[in-house]
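Asker: Heads up: the protein sequence lines correspond to chains A and B, in order.
Mapping the first sequence onto the working numbering, position 126 (from 1) lands on 299, and the numbers just tick up by one.
Mapping the second sequence onto the working numbering, position 59 (from 1) lands on 232, and the numbers just tick up by one.
Every residue gets a Cβ at the ideal spot worked out from N, C-alpha and C, and that includes glycine.
Bear in mind that the values here come from a model prediction, so they are computed numbers and not experimental data.
Got a structure for you, written out below as structure tokens; questions coming shortly.
Number of protein chains: 2
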Amino acid sequence: MKKGIFLKASLTILCAASLLTVQTTQAVGARNPVNFRGAAKYVFYFIGDGMSTPQIHAAEAYLASLENDNAVPGAPKSKKLAMSALPVYGMCTTYANDRFITGSAAAGTAMACGMKTNIGVISMDPDGTTPYKTLAEAAKKKGMKVGIVSSVSIDHATPAVFYAHQPSRGMYHEIGHDLAASGFDYFGGGGFKKVEGDLGNVLDAVTANGYRIVTDKDEFLALDPETGDKVVAYNHTLAGGQALYYEVDRPEDHISLAEFTKKGIELLDNPRGFFMMVEGGKIDWACHANDARAAIEDTLAFDEAVQEALNFYNQHPGQTLIVVTGDHECGGLTLGFAGTKYSTAYENIELQTLSYESFNNTFFTAYKETSTWSNDSDDMDDTLKTEIESSFGLVYNELSDYQKVQLERAFDKSMAEHAGSSDSRSEEEYLLYGGYEALTVTLTHLVNNNAGLSWTSYSHTGLPVPVMAKGKGCAKFQGFYDNTDLAKKIARSMRVRLNN
Amino acid sequence: MKKGIFLKASLTILCAASLLTVQTTQAVGARNPVNFRGAAKYVFYFIGDGMSTPQIHAAEAYLASLENDNAVPGAPKSKKLAMSALPVYGMCTTYANDRFITGSAAAGTAMACGMKTNIGVISMDPDGTTPYKTLAEAAKKKGMKVGIVSSVSIDHATPAVFYAHQPSRGMYHEIGHDLAASGFDYFGGGGFKKVEGDLGNVLDAVTANGYRIVTDKDEFLALDPETGDKVVAYNHTLAGGQALYYEVDRPEDHISLAEFTKKGIELLDNPRGFFMMVEGGKIDWACHANDARAAIEDTLAFDEAVQEALNFYNQHPGQTLIVVTGDHECGGLTLGFAGTKYSTAYENIELQTLSYESFNNTFFTAYKETSTWSNDSDDMDDTLKTEIESSFGLVYNELSDYQKVQLERAFDKSMAEHAGSSDSRSEEEYLLYGGYEALTVTLTHLVNNNAGLSWTSYSHTGLPVPVMAKGKGCAKFQGFYDNTDLAKKIARSMRVRLNN
Chain A
174 MKKGIFLKAS LTILCAASLL TVQTTQAVGA RNPVNFRGAA KYVFYFIGDG
224 MSTPQIHAAE AYLASLENDN AVPGAPKSKK LAMSALPVYG MCTTYANDRF
274 ITGSAAAGTA MACGMKTNIG VISMDPDGTT PYKTLAEAAK KKGMKVGIVS
324 SVSIDHATPA VFYAHQPSRG MYHEIGHDLA ASGFDYFGGG GFKKVEGDLG
374 NVLDAVTANG YRIVTDKDEF LALDPETGDK VVAYNHTLAG GQALYYEVDR
424 PEDHISLAEF TKKGIELLDN PRGFFMMVEG GKIDWACHAN DARAAIEDTL
474 AFDEAVQEAL NFYNQHPGQT LIVVTGDHEC GGLTLGFAGT KYSTAYENIE
524 LQTLSYESFN NTFFTAYKET STWSNDSDDM DDTLKTEIES SFGLVYNELS
574 DYQKVQLERA FDKSMAEHAG SSDSRSEEEY LLYGGYEALT VTLTHLVNNN
624 AGLSWTSYSH TGLPVPVMAK GKGCAKFQGF YDNTDLAKKI ARSMRVRLNN
Chain B
174 MKKGIFLKAS LTILCAASLL TVQTTQAVGA RNPVNFRGAA KYVFYFIGDG
224 MSTPQIHAAE AYLASLENDN AVPGAPKSKK LAMSALPVYG MCTTYANDRF
274 ITGSAAAGTA MACGMKTNIG VISMDPDGTT PYKTLAEAAK KKGMKVGIVS
324 SVSIDHATPA VFYAHQPSRG MYHEIGHDLA ASGFDYFGGG GFKKVEGDLG
374 NVLDAVTANG YRIVTDKDEF LALDPETGDK VVAYNHTLAG GQALYYEVDR
424 PEDHISLAEF TKKGIELLDN PRGFFMMVEG GKIDWACHAN DARAAIEDTL
474 AFDEAVQEAL NFYNQHPGQT LIVVTGDHEC GGLTLGFAGT KYSTAYENIE
524 LQTLSYESFN NTFFTAYKET STWSNDSDDM DDTLKTEIES SFGLVYNELS
574 DYQKVQLERA FDKSMAEHAG SSDSRSEEEY LLYGGYEALT VTLTHLVNNN
624 AGLSWTSYSH TGLPVPVMAK GKGCAKFQGF YDNTDLAKKI ARSMRVRLNN
């Protein structure tokens with residue numbers, strides 16, 4: 174056996190399945206040697222925005238806590254997500270060309286193009302003058318079908334870096350037109366942030382380029398791959414920023430991230446293969462807001478999308494590559510809190526029944542309008558306390574004196590800001606509330622802290638991100654490397670050329 | 174080629190070196206096939222106590238920041254440690270039998286014996302009645318030499334789990350006697366916490382069991398493996414808890430963790446192989462105290478010890494296994510801070526020139542004795558401000574108003590506690606200061622926060638820990654698994670049996 178073939182075979186064995194099933198995989202390889210020597214034919218690239226080890230493991234510890242109290246001796250205290258069960262584990266640095274703590278545009282460009290760029294740039298060089306080739310474009314050029322899915326607006330930084338080239342992520346209108354001109358086969362998830370503009374209506378351009386726009390869930394689920402239509406799909410009603418609702422708030426008739434992924438697989442599956450990027454984009458937003466319930470549920474929704482890829486993998490084990498990663502950590506989430514020391518009660522996070530955003534939209538905005546609050550000496554009333562108990566599981570009278578002080582202070586700040594009688598936020602108030610509704614972010618802080626989770630920031634952090642992989646060529650994703658190397662590794666698996 | 178051999182060979186190729194050097198390694202394997210088919214002969218087990226991805230990557234970002242300002246476009250913003258350059262990367266869950274957030278005894282027992290136990294138990298079942306066999310004992314039984322090195326006291330939980338069996342980690346006297354009776358060949362690092370007790374003087378027992386006790390650095394460095402002496406070595410002067418000094422404070426005539434490791438290799442190297450555990454124990458203590466400078470320097474010192482193992486590996490590449498991991502995260506360290514948002518200036522951490530402990534011992538304790546402070550209206554004086562500037566790089570007049578308020582409040586708390594005029598710490602004060610000197614922990618918080626690092630706890634957290642590995646059998650260390658599996662994997666690499 175030649176050394177080269179021997180090496181490839183050894184990598185394939187390691188990656189096509191867990192080590193326990195090596196024998197089966199070898200048998201498959203023996204029957205279809207060509208599948209193991211060429212490029213990965215079906216490539217899934219899952220990006221959890223703002224998701225690193227803390228986000229993943231908080232979800233895993235939370236799931237375990239719902240089944241068994243953590244204090245029960247012998248009970249499992251972590252329940253693996255589908256992504257964590259992938260056989261290969263690596264770790265990526267995330268920094269941008271011009272900043273240690275990255276943003277989604279620079280991180281996405283690195284992960285899509287294998288090139289560092291500056292903060293805010295969409296798949297161009299740091300000056301914003303020269304476009305970089307993306308993995309999705311390389312796949313399309315090779316003849317593969319291409320799909321892009323996100324739970325935030327489809328013109329947001331992470332999806333955009335795969336099809337657009339703009340010097341600034343804020344150029345949503347131009348990015349929308351890049352989408353219309355991309356020739357890609359499927360876009361699913363959120364909507365467009367700037368439809369009207371100098372370049373003309375984005376939706377008109379999308380339609381003019383042959384896309385069918387679908388916003389009804391039943392129509393979406395009935396989409397037939399046989400028609401060969403290119404599709405742009407999003408939910409009939411969108412949340413702020415043209416994104417999907419947070420998973421914890423998602424109505425029945427809204428398409429989930431897993432459903433966007435599953436339908437994408439049906440639409441893209443073809444003899445020449447496909448490349449599909451799926452972003453869990455609101456994990457990041459929930460972490461910016463320091464809302465663990467929303468972040469965990471969006472992480473679980475993202476993991477359900479990964480499971481759809483695994484279901485496909487099981488039908489095409491020798492030809493499929495699945496890579497799951499994050500673009501950066503967000504919020505500085507930690508699985509502990511000074512006040513709770515060594516104890517945790519993650520199951521109590523479930524008592525929060527909606528996202529911070531939904532609490533504001535469905536209750537607190539209206540409450541502020543009708544409240545009789547006039548100054549800082551007015552305390553929270555029973556209406557508010559009752560709503561807080563049902564929405565966050567926090568019983569006011571069971572809070573510590575200090576927690577009551579924190580909550581009343583935040584309440585006063587929210588009310589004063591609503592009344593227009595508040596100074597702009599002080600340094601201390603920014604640390605307490607970031608740019609969020611003071612009462613609401615204090616509520617999620619209390620829920621999270623009481624359960625044994627905490628946050629240190631309303632921004633991203635510099636923690637590396639895990640890379641979990643399975644399937645064709647996956648062994649190359651182990652080890653510790655840079656996010657630009659991640660794109661290069663995927664390019665090698667696909668046998669396409671990127672930018673250097 | 175039979176399937177079994179094929180699989181073993183494939184793992185060996187992946188692990189003996191990085192993929193780029195596969196060809197060389199294969200050639201070595203061809204000349205010495207027995208080395209690639211038997212057990213790992215030289216096994217290094219490095220445990221960074223309280224060290225997970227945040228601790229490692231903070232050190233890496235710090236090193237890069239000393240060379241280039243993070244804002245310089247194109248400059249590398251992370252500099253790999255030796256441990257991060259190992260070719261295999263995995264991740265471990267850490268939870269104890271009876272708690273999600275583990276402690277060093279339960280984590281160490283899992284990592285040494287492959288068995289979960291309760292918090293505080295040293296290599297016994299959760300009830301503290303049945304001892305578990307440890308990797309080090311199994312190695313000794315096989316005829317390998319065994320060394321145990323730690324930067325904290327040698328009877329502390331993490332070193333103890335390899336040679337002792339006690340129902341409580343606090344039984345230092347009994348653990349010391351377990352050490353004396355272990356028959357292991359080398360103990361290096363910190364001293365003993367309870368020499369006198371019911372079982373007789375621990376040092377006498379150590380000597381009676383044939384150990385040479387060495388506390389002088391020159392004598393230590395001159396130790397000759399040819400004499401065959403069993404050795405217990407520690408520094409002539411120890412810090413609190415019989416530990417080594419923090420690396421940032423270490424005097425020239427104190428033996429470093431790397432020197433303990435290098436000498437250990439010399440003493441243990443023999444034809445029947447060795448097993449050596451090296452703990453970076455004060456990473457944890459620095460993180461409990463929320464002191465990033467001390468934590469980073471101890472992480473770097475730990476990495477220098479890893480480098481000693483790599484130097485040995487390069488002489489014995491086909492027979493050596495190096496595994497580097499942590500037992501749990503500590504402090505809830507994050508690489509970002511709400512107040513600094515997306516900016517970082519890790520190079521400023523270098524302006525802190527000593528540990529929190531050294532600041533207290535060499536300055537603040539005496540300052541409090543002679544201070545004229547009488548009540549909360551007394552502000553910090555120039556003597557204190559000058560010392561803070563030279564020790565922490567914090568210029569009082571350059572602090573924000575809110576930071577000055579934080580510092581003055583902490584100063585008052587420290588002085589009032591010293592004067593005996595303070596109430597016990599309130600919930601809020603515990604969140605601010607933990608159990609640490611109020612002024613000093615506020616100073617490290619300010620240094621860390623200004624640089625773009627923060628902490629959420631004075632305790633451990635539940636973040637998984639990375640496992641980095643190189644050498645014989647290292648492929649099995651990739652993926653995401655439990656800390657009990659880590660011990661089992663090492664046992665398989667050594668071809669020894671553990672407890673199930």
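Show which residues of chain A have a CB atom less than 8 Å away from the CB atom of B:Gly-646.
Answerer: Position 473 of the second sequence, counted from the start, is the residue given in the question as residue 646 of chain B. Residues of chain A passing the Cβ test: none, with the nearest at roughly 12 Å.
Asker: Whose Cβ in chain B lies nearer than 8 Å to the Cβ of A:Ala-244?
Answerer: One-based indexing of the first sequence puts residue 244 of chain A at position 71. By Cβ distance, chain B contributes Asp-271, Arg-272.
Asker: For the region 593–610 of chain A, enumerate the residues whose C-beta is nearer than 8 Å to any C-beta of chain B, in chain order.
Answerer: Per Cβ criterion, the list reads Ser-599, Glu-600, Glu-601, Tyr-603, Leu-604, Gly-607.
Asker: When the distance is taken between beta carbons, is A:Lys-390 closer than 8 Å to A:Asp-426?
Answerer: Along the first sequence, one-based indexing puts residue 426 of chain A at 253. Along the first sequence, one-based indexing puts residue 390 of chain A at 217. Closer than 8 Å, so yes.
Asker: Quick check on A:Thr-197 - is its C-beta less than 8 Å from some C-beta in chain B?
Answerer: Position 24 of the first sequence, counted from the start, is the residue given in the question as residue 197 of chain A. A caution first: A:Thr-197 carries a pLDDT of 34, below 50, which makes its placement in the model unreliable, though a value can still be read off. Closer than 8 Å: no.
Asker: Alpha carbon to alpha carbon, how far is B:Tyr-529 from B:Ala-311? Give it in angstroms, no decimals.
Answerer: Numbered from 1 along the second sequence, position 138 holds the residue referred to as residue 311 of chain B. Numbered from 1 along the second sequence, position 356 holds the residue referred to as residue 529 of chain B. Cα to Cα, the separation comes out at about 40 Å.
Asker: Could you name the residues of the same chain whose beta carbon sits closer than 6 Å to that of A:Pro-398, not counting the 5 residues immediately before and after it, in chain order?
Answerer: Working through the first sequence from its first residue, we reach residue 398 of chain A at position 225. Glu-439, Leu-440.
Asker: If you draw a straight line from the alpha carbon of B:Leu-239 to that of A:Val-496, how long is it in whole angstroms?
Answerer: Within the second sequence, the letter at position 66 stands for residue 239 of chain B. Within the first sequence, the letter at position 323 stands for residue 496 of chain A. Near 34 Å, if we compare the C-alpha coordinates of A:Val-496 and B:Leu-239.
Asker: Tell me where the alpha helix (DSSP H) around B:Leu-441 begins and ends.
Answerer: Mapped onto the second sequence, residue 441 of chain B falls at position 268. Residues 430–441.
Asker: How do the region 497–505 of chain A and the region 606–624 of chain A stand: do at least 3 beta-carbon pairs fall below 8 Å, yes or no?
Answerer: They do not touch, by the three-pair rule.
Asker: Taking just the CA atoms, how far does A:His-461 sit from A:Glu-602?
Answerer: The count along the first sequence starts at 1 and reaches residue 602 of chain A at position 429. The count along the first sequence starts at 1 and reaches residue 461 of chain A at position 288. Rounded to whole angstroms, A:Glu-602 to A:His-461 spans 16 Å at the Cα level.
Asker: Looking only at its chain, what residues have a beta carbon closer than 7 Å to the beta carbon of A:Ser-516, apart from the 5 residues adjacent to it on each side?
Answerer: Within the first sequence, residue 516 of chain A is the residue found at index 343, counting from 1. Excluding positions up to five away in sequence, the list reads Gly-625.
Asker: Going along chain B, which residues have a C-beta under 7 Å from A:Tyr-569?
Answerer: As a working mapping, residue 569 of chain A is identified with position 396 in the first sequence. Correct list: empty, because the minimum Cβ distance to chain B is about 16 Å.
Asker: What do you get for A:Met-667, buried or exposed, if any count of 16 or more other CB atoms within 10 angstroms of its CB means buried?
Answerer: Along the first sequence, one-based indexing puts residue 667 of chain A at 494. By the 10 Å Cβ count, A:Met-667 comes out buried.
Asker: Nearer than 7 Å: is that true of the beta carbon of A:Val-404 relative to any heavy atom of the ligand GDP?
Answerer: The model on display carries no ligand, and the ligand GDP is accordingly not part of it.
Asker: In this structure, does DSSP put B:Glu-425 in helix, strand or coil?
Answerer: In the second sequence, residue 425 of chain B corresponds to position 252, counting from 1. B:Glu-425 falls in the coil class under three-state DSSP.
Asker: Name the residues in the region 272–303 of chain B whose C-beta lies less than 9 Å from a C-beta of chain A; which are they?
Answerer: Listed by position, the residues of the region 272–303 of chain B near chain A (Cβ gap below 9 Å) are Arg-272, Phe-273, Ile-274, Thr-275, Gly-276, Lys-289, Asn-291, Ile-292, Pro-299.
Asker: Using a C-beta to C-beta distance shorter than 9 Å, which residues of chain B count as neighbours of A:Ser-544?
Answerer: In the first sequence, the residue the question calls residue 544 of chain A occupies position 371. Result: empty, since nearest Cβ-Cβ is about 27 Å, beyond 9 Å.
Asker: Let me check understanding here. Comparing Cα to Cα, which of B:Gly-593, B:Gly-437, B:Trp-546 lies closest to B:Phe-447?
Answerer: Residue numbering aside, residue 447 of chain B sits at position 274 when the second sequence is read from its first letter. Closest by alpha carbon: B:Gly-437.
Asker: Just the Cα atoms here: how many angstroms apart are A:Ile-274 and B:Lys-514?
Answerer: Taking the first sequence and counting its residues from 1, the one referred to as residue 274 of chain A is at position 101. Taking the second sequence and counting its residues from 1, the one referred to as residue 514 of chain B is at position 341. Each residue's alpha carbon lies about 9 Å from the other.
Asker: Which residues of chain A have a Cβ atom closer than 9 Å to the Cβ of B:Gly-362, listed in chain order?
Answerer: Counting from 1 along the second sequence, the entry for residue 362 of chain B is found at position 189. Here the premise fails: no neighbours, minimum Cβ distance about 26 Å.
Asker: Among A:Gly-652, A:Ile-663, A:Asp-596, A:Leu-659, which has the Cα closest to the Cα of A:Val-261?
Answerer: Along the first sequence, one-based indexing puts residue 261 of chain A at 88. A:Val-261 has its Cα closest to that of A:Gly-652, out of A:Gly-652, A:Ile-663, A:Asp-596, A:Leu-659.
Asker: Rounded to whole angstroms, what's the CA-CA distance from B:Leu-411 to B:Ala-337? Just pull it up for me.
Answerer: Residue mapping note: residue 411 of chain B aligns to position 238 of the second sequence, counting from 1. Residue mapping note: residue 337 of chain B aligns to position 164 of the second sequence, counting from 1. For B:Leu-411 and B:Ala-337, the distance between alpha carbons rounds to 23 Å.
Asker: Tell me, please, which residues DSSP counts as bridged to A:Leu-494.
Answerer: Residue 494 of chain A sits at position 321 when you count from the first residue of the first sequence. Paired residues: A:Val-216, A:Gly-644.
Asker: Go ahead and pull the three-state DSSP assignment for A:Phe-357.
Answerer: Numbered from 1 along the first sequence, position 184 holds the residue referred to as residue 357 of chain A. Coil at A:Phe-357, not helix or strand.
Asker: At 8 Å on the CB atoms, spell out the chain B contacts of A:Gly-343, in chain order.
Answerer: Translated into the one-based positions of the first sequence, residue 343 of chain A becomes position 170. Going along chain B, no residue has its Cβ under 8 Å from A:Gly-343, so there is no contact; the nearest lies around 16 Å.
Asker: Taking the C-alpha atoms as reference points, what is the distance between A:Phe-433 and A:Lys-315?
Answerer: Here residue 433 of chain A corresponds to residue number 260 of the first sequence, with the count starting at 1. Here residue 315 of chain A corresponds to residue number 142 of the first sequence, with the count starting at 1. Near 24 Å, if we compare the C-alpha coordinates of A:Lys-315 and A:Phe-433.
Asker: Given a cut-off of 8 Å on the beta-carbon distance, is the pair B:Ala-279 and B:Ile-292 in contact?
Answerer: Taking the first residue of the second sequence as position 1, residue 279 of chain B is located at position 106. Taking the first residue of the second sequence as position 1, residue 292 of chain B is located at position 119. Yes, these two residues count as a Cβ contact at 8 Å.
Asker: Is B:Lys-252 helix, strand or coil when you go by DSSP?
Answerer: The residue you call residue 252 of chain B lines up with position 79 of the second sequence. B:Lys-252 falls in the coil class under three-state DSSP.
Asker: Return the chain-ordered ranges of every beta strand (DSSP E) run that is complete within the region 452–509 of chain A and spans a minimum of 3 residues.
Answerer: You should have 493–499.
Asker: Can you give, in chain order, each stretch of the beta strand (DSSP E) that sits fully within the region 577–647 of chain A and has at least 3 residues?
Answerer: As far as the region 577–647 of chain A is concerned, its whole beta strand (DSSP E) runs of at least 3 residues are 638–644.
Asker: Have a look at A:Ile-469 and A:Ile-229 and give me their C-alpha separation to the nearest angstrom.
Answerer: Taking the first sequence and counting its residues from 1, the one referred to as residue 469 of chain A is at position 296. Taking the first sequence and counting its residues from 1, the one referred to as residue 229 of chain A is at position 56. Using only the alpha carbons, I get a separation of about 8 Å.
Asker: Please report how far the alpha carbon of A:Glu-392 lies from the alpha carbon of B:Asn-463, in whole angstroms.
Answerer: Walking along the first sequence from the start, residue 392 of chain A turns up at place 219. Walking along the second sequence from the start, residue 463 of chain B turns up at place 290. Taking the straight line joining both Cα atoms gives about 55 Å.
Asker: Under 8 Å between C-beta atoms, does B:Thr-634 make it to chain A?
Answerer: Mapped onto the second sequence, residue 634 of chain B falls at position 461. True, the Cβ-Cβ gap to chain A drops below 8 Å.
Asker: Name, please, each residue of chain A whose Cβ falls closer than 7 Å to the Cβ of B:Gln-651.
Answerer: Looking up residue 651 of chain B in the second sequence gives position 478. Chain A residues near B:Gln-651: Val-261, Tyr-262, Gln-651.
Asker: Counting only beta-carbon atoms, is B:Ser-251 nearer than 8 Å to chain A?
Answerer: What you label residue 251 of chain B is simply residue 78 of the second sequence in a count that begins at 1. So, interface residue.
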